[in-house]
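K.L.:
Protein chains in written order, with numbering that gives the first Met the number 0: chain A, 0 to 137; chain B, 0 to 288. The C-beta atom is built at its ideal place from N, Cα and C for all residues, glycine as well.
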Amino acid sequence: MAATFALKLVTPERTVYAGQVTELLLRASEGDMGVLAHHVPLITAVKPSVVRVLDEGGTWRRYAVGGGFLEVGRQVTVLLADTAESPDEVHRDRASAARDRALERLERAGSDVDRVRARQALERAEARLAALDDNAPA
Amino acid sequence: MAAGGLQDLKRRIKSVENTRQITRAMKLVAGAKLRRAQERAESSRSYFDTIREVMQRASASAGSAAKEQLFAERPVKTTGYVVVTSDRGLAGPFNANVLRYAAGRMRSGDGQASVFAVGRKGRDAYRRRRLTIHDEFVGLGDDVHYSQAKAVADAIMGRFQAGEVDRVELVYTHFINAMTQRPAHVQLLPVRPPSADEGASRDDASYVFEPDPETVLADLVPRYIEVQVYGALLESKASEHGARMTAMDAASKNSDELLRKMTLSRNRLRQAAITREIAELVGGAAALE
Chain A
0 MAATFALKLV TPERTVYAGQ VTELLLRASE GDMGVLAHHV PLITAVKPSV VRVLDEGGTW
60 RRYAVGGGFL EVGRQVTVLL ADTAESPDEV HRDRASAARD RALERLERAG SDVDRVRARQ
120 ALERAEARLA ALDDNAPA
Chain B
0 MAAGGLQDLK RRIKSVENTR QITRAMKLVA GAKLRRAQER AESSRSYFDT IREVMQRASA
60 SAGSAAKEQL FAERPVKTTG YVVVTSDRGL AGPFNANVLR YAAGRMRSGD GQASVFAVGR
120 KGRDAYRRRR LTIHDEFVGL GDDVHYSQAK AVADAIMGRF QAGEVDRVEL VYTHFINAMT
180 QRPAHVQLLP VRPPSADEGA SRDDASYVFE PDPETVLADL VPRYIEVQVY GALLESKASE
240 HGARMTAMDA ASKNSDELLR KMTLSRNRLR QAAITREIAE LVGGAAALE
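1) Any beta carbon of chain B sitting closer than 8 angstroms to that of A/K7?
2) With a threshold of 8 angstroms on Cβ separation, who are the neighbours of A/A135 within its own chain once the five nearest residues in sequence on each side are excluded?
3) Going by C-alpha to C-alpha distance, which of B/Q186, B/L98, B/T179 sits closest to B/H240?
4) When you compare the CB positions of A/A124 and A/R104, do they come within less than 8 angstroms of one another, or not?
5) Under 8 angstroms between beta-carbons, which chain B residues line up against A/A27? List them in chain order, please.
6) From B/I277 to B/N96, what does the alpha carbon distance come to, in whole angstroms?
7) Taking C-beta to C-beta, are A/H44 and A/A27 nearer than 8 angstroms?
8) Within this structure, are the beta carbons of A/G67 and A/L78 separated by less than 8 angstroms?
9) What alpha helix (DSSP H) runs, 4 residues minimum, are completely inside the segment 111 to 153 of chain B?
10) Measuring CB to CB, does B/D218 end up less than 8 angstroms from B/G138?
11) A/F4 CB to nearest chain B CB: under 8 angstroms?
12) Report, in whole angstroms, the separation of the C-beta atoms of A/V71 and A/A129, which I expect to be a contact under 8 angstroms.
13) Of the residues that make up the segment 29 to 40 of chain A, which ones have a beta carbon closer than 7 angstroms to any beta carbon in chain B?
14) So, are the CB atoms of B/V215 and A/I42 less than 8 angstroms apart?
15) From B/I50 to B/L257, what does the alpha carbon distance come to, in whole angstroms?
16) Would you check if the distance between the CB atom of B/T22 and the CB atom of B/M247 is smaller than 8 angstroms?
17) Could you tell me the distance, in whole angstroms, from the CA atom of B/A234 to the CA atom of B/R34?
18) At a CB-CB cut-off below 7 angstroms, which residues of chain B make contact with A/P11?
19) DSSP three-state label for A/A83, please.
20) For B/I50, which residues in chain A fall below 8 angstroms Cβ to Cβ?
21) Quick check: the Cα distance between B/E16 and B/K260, rounded to an integer number of angstroms?
22) Could you give the distance in angstroms between the alpha-carbon of A/G65 and the alpha-carbon of A/L131?
23) Taking Cβ-Cβ distances shorter than 7 angstroms, what residues in chain A pair up with B/Y206?
24) Please list the terminal residues of the continuous beta strand (DSSP E) segment that includes A/Y62.
25) Are B/R10 and B/G79 touching if we call contact CB-CB under 8 angstroms?
26) Please list, in chain order, all residues of the same chain as B/D202 whose beta carbon is under 8 angstroms from its beta carbon, the five residues on each side excluded.
27) Within 8 angstroms (strictly less), CB to CB, does A/T14 reach chain B?
28) When we look at the beta-carbon of B/T262 and count the other beta-carbons within 10 Å, is it buried (16 or more) or exposed?
29) Could you tell me whether the Cβ atoms of B/G30 and B/M244 are closer together than 8 angstroms?
30) May I have the straight-line CA-CA distance separating B/E41 from A/L69, to the nearest angstrom?
31) Quick one: residues in its chain with C-beta nearer than 8 angstroms to the C-beta of A/Q19, no 5 flanking neighbours on either side, listed in chain order?
32) Extract the residue ranges of the beta strand (DSSP E) inside the segment 27 to 61 of chain A, only unbroken runs of 3 or more that lie entirely within it.
33) DSSP on B/G162, reduced to helix/strand/coil?
34) So B/D218 contacts chain A; which residues on that side make the cut at Cβ distance below 7 angstroms?
35) From the DSSP output, in three-state form, read off B/H240 for me.
36) Could you check where the alpha helix (DSSP H) with A/A97 kicks off and where it finishes?
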């Protein structure tokens, strides 16, 4: 069996997942990355994306994460997410409505701040929709 | 006439009974809400502790450039106070305590005091005192959402970066237990990196930052402030319910005591009336013989 490491996925409102996992896949600020046991200690920002976790039992879990931070520590790896939802918690209609809204805002965005916000909203909505539709691990 | 006094007393007893029913119900409701608020505070603790640790590590590794925006101390002309109160009253001394504490902080603080009012009670109090209110956040409800804390934090950071306030302090009520709550404060801006006391157990120097500590820090700081505000909102909410529960418990007990006394005098009055009637009857009968 592959080596495991302790992972915690927490949001300000609750702990979404905590347990031993074999593999963690996510989109960091510098690109997609994977974490296995004995990874070098690392801190990086996480983009809104689908985070995939291969748990001890060999099941892939998906979470729609709305941005945050990853801290890979020696004892425990923590993903600090602004929001995190499993696919059955995502509302498809709400997510696609949010995507449409974000696209519209992106077109009309005047200032840079508006554009950045709209882009982030778009990424979050797309992460949610991707978590719904995609079954195969990356 | 004695019967009138008896009637008045009966009415008062009824009225106190009604009040007691209300205070009892409020106590029960506050108890249930307190439990929920505590659970929420509990479930946010893990995030809070971790972000503290990461902040501490990142700020230890980051150069001075990243620290300028939100870290730099500057001459303090105005200090903003984020004062967290409740929307509703009947919570014992809860709001009075935090407002008094905030007033003390303002007296000893630097520069002109101004306010970010969270909660209707605080906003009304500062309106009466004619203090500058930058932003107000009322009607937060019983379940505090992270988005509400984010709105508060955004407002604070905006004003700070625009130079409208040179320092921001957060005044809230620290929840100790249902009986005890204590007002407390923490400086939000400029950001004071958490001290290295508890993070020392892990090995700091070996962390890799992607892309670099400065970028990570710049992303991290706003969230750190949000989380501090969120924590303060949760603590204050739990304290509010705790204070209300205690106040309503005391009120119910006072009603019990009042009712006991009034029932006693009601019974005495009634007994006196009966005795007098009997005496009159006996007297009347004796006069006939």
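P.N.:
The structure says:
1) yes
2) For A/A135, the predicted structure reports a pLDDT of 49, less than 50, and the residue's modelled location is therefore unreliable. The matter cannot be settled from this model.
3) B/T179
4) no
5) E209
6) 58 angstroms
7) Checking the displayed sequence, the identity of residue 44 of chain A turns out to be Ala instead of His. Yes.
8) yes
9) 119 to 127
10) no
11) no
12) A/V71 to A/A129, Cβ: 23 angstroms. No contact.
13) E29, V39, P40
14) yes
15) 52 angstroms
16) yes
17) It should be pointed out that residue 234 of chain B corresponds to Glu in this sequence rather than to Ala. Cα to Cα, the separation comes out at about 12 angstroms.
18) S43, Y46, Y145, V226, Y229
19) strand
20) F68, L79
21) 13 angstroms
22) 14 angstroms
23) P40, L41, I42
24) 59 to 64
25) no
26) In this predicted model, B/D202 has a pLDDT of only 49, less than 50, meaning its place in the structure is not dependable enough to derive any value.
27) yes
28) exposed
29) yes
30) 21 angstroms
31) T3, F4, A5, L6, D54, E55
32) 30 to 34, 41 to 45, 48 to 54
33) coil
34) A44
35) helix
36) 91 to 107
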